[in-house]
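This report concerns only the one structure given below.
Number of protein chains: 2
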Amino acid sequence: MAPKQQAFVTEITPQSEDFSRWYTDVIRRAELADYSPVKGSMVIRPYGYAIWELMQSALDRRFKETGHVNAYFPLFIPESLLRKEAAHVEGFAPEVAWVTRGGDETLEEPLVVRPTSEAIIGTMYSKWIQSWRDLPILINQWANVVRWEKVTRLFLRTTEFLWQEGHTAHETEEEAEAEARRMLGVYKEFLETELAMPVLDGRKTESEKFAGAAHTYSVEALMGDGRALQAGTSHHLGQNFAKVFDITFQARDKSVQHVWQTSWGMTTRLIGAAIMVHGDDSGLILPPRVAPHQVVIVPIPRGDWRTTVLPRAKEIAATLKQAGVRVMLDDREEYKPGWKFSEWEMRGVPLRLEIGPRDIEQQQVLLARRDTREKLTAPMEGLETRVAELLDAVQAALFERAVAFRDGHTLRTTSSDEFRRAFEGRPGFVIAPWCGSADCEAKIKADTQATIRNLAFDLPPATGDCVRCGQAGMTDAWFAKSY
Amino acid sequence: MAPKQQAFVTEITPQSEDFSRWYTDVIRRAELADYSPVKGSMVIRPYGYAIWELMQSALDRRFKETGHVNAYFPLFIPESLLRKEAAHVEGFAPEVAWVTRGGDETLEEPLVVRPTSEAIIGTMYSKWIQSWRDLPILINQWANVVRWEKVTRLFLRTTEFLWQEGHTAHETEEEAEAEARRMLGVYKEFLETELAMPVLDGRKTESEKFAGAAHTYSVEALMGDGRALQAGTSHHLGQNFAKVFDITFQARDKSVQHVWQTSWGMTTRLIGAAIMVHGDDSGLILPPRVAPHQVVIVPIPRGDWRTTVLPRAKEIAATLKQAGVRVMLDDREEYKPGWKFSEWEMRGVPLRLEIGPRDIEQQQVLLARRDTREKLTAPMEGLETRVAELLDAVQAALFERAVAFRDGHTLRTTSSDEFRRAFEGRPGFVIAPWCGSADCEAKIKADTQATIRNLAFDLPPATGDCVRCGQAGMTDAWFAKSY
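Protein sequences, first through last, are from chains S and L. Numbered per numbering that gives the first Met the number 0, the first sequence finishes at 482, counting up by one with no gaps. Numbered per numbering that gives the first Met the number 0, the second sequence finishes at 482, counting up by one with no gaps.
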């Protein structure tokens, strides 16, 4: 291997040395994102944005298949609207950006840059909904939102981020509950299928639920350093917002009732999650389904390669593209093959295809998998089928590896001692009985930095006594340190 | 016709009575958009947003085919960055929204909510570009922008709107010029092909160019009331931003040079333009290529229709969908066919397909065109081909009609008298010689409210003396009153 490759790889801090620095190094070296001159705000660079576009389109397709439509609501929310729902404003006011001047005038009422859109959307729904015939309303919005942050962590914690927020209104509590659960299911299926990211789905405790919700469901993934990351949330809002925003409808029995609502969202932090679940010391490993380039073709420049190898490489690129593969032909002359190999490895391209003069004689190419680094030859005949199979194999292998990691880092215990020790050295999930009190939850957080990520949906009986207070367990909870 | 239909149609003010009210009525009745509780900001409702999604995907495909990639830059821009380019800040400062508080702290430096992104993107390009090898950079962004407005006109003039903004950097002036012209060409082709909207492409005068550009090109369309609307702009920025943001590169000859830049944008105002170019007194007429529903199927509820007609209607819907047609089956029982006919006409669906018991006997359906109101029967056999042909025919007919209207409302004159009279009764474009002075341009605007929409690209010699001052003409200009 060329010495240049070594040079490149060593620019990324090894995971084992400092996971957090590894994460930032990978993002900057792979040109996924960059810091901006605006404190707390990041720039999503083309390679990172291309991943987001693939995620978006895969999610959007699922939303439409489940009957949702997109719309767009204002960025600015008058302060008075945000203040209507007490728990909501309490949760969000400390972290909003305030617009106080427009053009050359000082505003009479300051505007909030949306941290989320329940308030503005609720206001519109109260205008639009009159009768049960107008229900359900199943609207999603793709938008930017702002939550003031003092510390920037690329993709994970930024003042501005991109997301989608679904906002639905229903006739009955049951329907809203079913919607909240259904969309959590869509999230789980999306994450597992597209991002090869296994998640635990369940219900948040009262302390961890969304400000203004009746209850919150979430999907939680385990990162490579053993910390959990909330990958998506789905809230059953009950009638909380309907009551303060006066969203009523004439029911089938002619009575006037408040609607039942849900909201649910996923954000660009998923890009960060994908990096931390799959990446290694050489850089990114992208699941093929969200990889901007699924295959990179590197022609080997030997002899008369421009007239022999290059035309063949272009043909292969065209054939693969035709077959629906996202392919990139790296025919730059200013870089050597060894440099290109490590560059595209670092950028996480799932498959590398090498082709040189000898391959052409033998009517074959060399394929290298990013995940296992396995190399194999494949005949040119039927190459598109072979490539498609391999991409599926990489996708499946990444998922299996992540499941194995998650299972290997999940501990079930009913022992207080084991519970306490669990968070000392060993990261990951710990499943243990909990009495159900916010007090124990807070004490555990203070002791161990771990929070309850989720409870099982139907709160099955605990397997023992609370690991903190020793009182009767209410149910088992999934604990972890989290992002 | 059912009386209900009359009731519905008469809710829309006729164009001839008040074009502006007709426009707003159509938008609100068709549920394209709504006013919001935030002064100057609108809500884009699902039906309007679906049109935007179709426009977006058609434009985005063209951007990618011409080698562009998407990225995302921050919403907030520090005041000092905006102030760097003098002409730029002068143009935009009066209309920006200011964030002065974040969370509970007052910001040391206020942030501007982006009115456009040259400043923030220029700052990043100066970090990213080192060598000619890094060029060209061909980045586009889909984003919301804010320009403070006191008056709201749905889609046309709102404080917040959605747009795309291309920002490119090149080695040479020629390359940047070619890019600015190429993207204008993409806009023109997009508008004519997808929106069936003929446009005049040309170059803006110095008074009308973008704040900070070397020069600006635009495409201008003529609305149904004879006023022009700027449908897209493409700017050659020269080295203006490169110099203030210090965007330099090492050239092929090793010298250090400033890049040459372009920027270009299209916005959600195009939805307004499409409404005003094609609509009539019954409501919207959508070009099939951007119609969320291209065909609406209305089953005729006679006799045992739920077991006879409805299953056949569903089959047809499935067949058309399979063939790539965006089809909507309106099987609601609470509305009568007559009501549905006028409702979907008002919403501008290009083709209506009626099917009743007799049609099934005769193995045919009835098709009604929205543009000509022509009705024709079509055999069920090969229906998808017939529908595709008709959609193409509607698309072509709308374009031809708009071209004829534009041509019928364009006057060429070299006479001062005729020029002055032209803007009294008769709206449209007036092409007339202009001396080239900003003074005459301003006086003409004061006299007639008309502005110069464009000049021909290469400024061919004028066909006479300036229609305002009588001095020698520099070139002919396209004048019109505008949105």
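Ideal Cβ placement from N, Cα and C applies to all residues, glycine included.
Shortest Cα-Cα distance from N143(L) to any of V393(L), D103(L), P93(L) and V42(L) involves V42(L).
Separation of V258(S) and D330(L) (C-alpha to C-alpha, rounded to the nearest whole angstrom) is 25 Å.
Looking at R351(S), A86(S) and M345(S), the one whose alpha-carbon comes closest to that of V243(S) is A86(S). Excluding its 5 nearest sequence neighbours in each direction, P378(S) has C-beta neighbours in its own chain below 7 Å: Q362 and Q363, listed in chain order. The residue from C434(S), G47(S) and Y34(S) with its alpha-carbon nearest to that of A272(S) is G47(S). Taken atom to atom, the span from the alpha-carbon of T261(S) to that of R425(S) is near 37 Å. For the region 53–76 of chain S, the beta-carbon criterion of a distance under 8 Å to any beta-carbon of chain L is satisfied by V68, N69, A70, Y71, F72, P73, L74, F75 and I76. Within the same chain, Cβ atoms closer than 6 Å to the Cβ of F62(L) are found at N139, the five residues on either side in sequence being excluded. In this structure the region 96–111 of chain S does not lie against the region 209–219 of chain S, because fewer than three pairs of beta carbons, one per stretch, are closer than 8 Å. Chain order gives the chain S residues near L80(L) as P36, where near means a beta carbon separation below 8 Å. In terms of Cβ geometry, V25(L) and G282(L) form a close pair [threshold 8 Å]. Between A210(L) and E219(L), the CB-CB gap reaches or exceeds 8 Å.
Interface annotation, G121(L): not in contact with chain S, CB-CB separation never under 8 Å. For Q140(S), the uninterrupted beta strand (DSSP E) run begins and ends at I136 to V145, by DSSP. By the criterion of a C-beta distance shorter than 7 Å, C439(L) is surrounded in its chain by W433, C465, R467 and C468, once the five residues flanking it on both sides are discounted. Scanning the region 324–376 of chain L for uninterrupted beta strand (DSSP E) segments of 3 residues or longer gives 326–328, 350–354 and 363–368, listed from N- to C-terminal end. Neighbours of S40(L) in chain S, taken as residues at a C-beta separation under 8 Å, are given in chain order as P73, L74 and F75. Taking a Cβ-Cβ cut-off of 8 Å, P336(L) has no neighbours in chain S, whose nearest Cβ is about 18 Å from it.
Judged by DSSP in its simplified three-state form, S206(L) adopts helix.
Look at the region 16–104 of chain L and you find these whole runs of beta strand (DSSP E), each 3 residues long or longer: 32–34, 41–43, 75–77 and 96–101.
Within chain S, the C-beta atoms nearer than 7 Å to that of W147(L) come from G101 and G102, in chain order.
Within 7 Å of the CB of W97(L), the CB atoms of chain S belong to V98, T99 and R100, in sequence order along the chain. Three or more beta-carbon pairs separated by less than 8 Å link the region 334–354 of chain L to the region 365–375 of chain L, which places the two stretches in contact. If you draw a straight line from the Cα of L80(S) to the Cα of A92(S), it is about 12 Å long.
Where A230(L) is concerned, there is no enclosing alpha helix (DSSP H), although the beta strand (DSSP E) around it starts and stops at A227 to G237.
At a cut-off of 8 Å between C-beta atoms, L194(L) does not count as an interface residue with respect to chain S. In terms of Cβ geometry, W131(S) and Q249(S) form a close pair [threshold 8 Å]. The straight-line gap separating the alpha-carbon atoms of D33(L) and V289(L) is approximately 20 Å. Under the Cβ distance rule, Y48(L) counts among the residues neighbouring chain S, one pair being separated by less than 8 Å.
Counting every other CB atom within 10 Å of its CB across the protein chains shown gives R452(S) a total of 16 or more, marking it as buried. Three or more Cβ pairs closer than 8 Å define a contact, and the region 147–161 of chain S falls short of that threshold against the region 191–206 of chain S.
Between the C-alpha atoms of Q229(S) and Y186(S) there is a straight-line separation of about 11 Å. Counting only the Cα atoms, I11(S) lies some 23 Å from V393(S).
Per the coordinates, the alpha-carbon of G407(L) lies some 51 Å from the alpha-carbon of G264(S). A Cβ of chain S is located within less than 8 Å of the beta carbon of E94(L). The three-state reading of DSSP puts P197(L) in coil, since its state is none of H, G, I, E or B.
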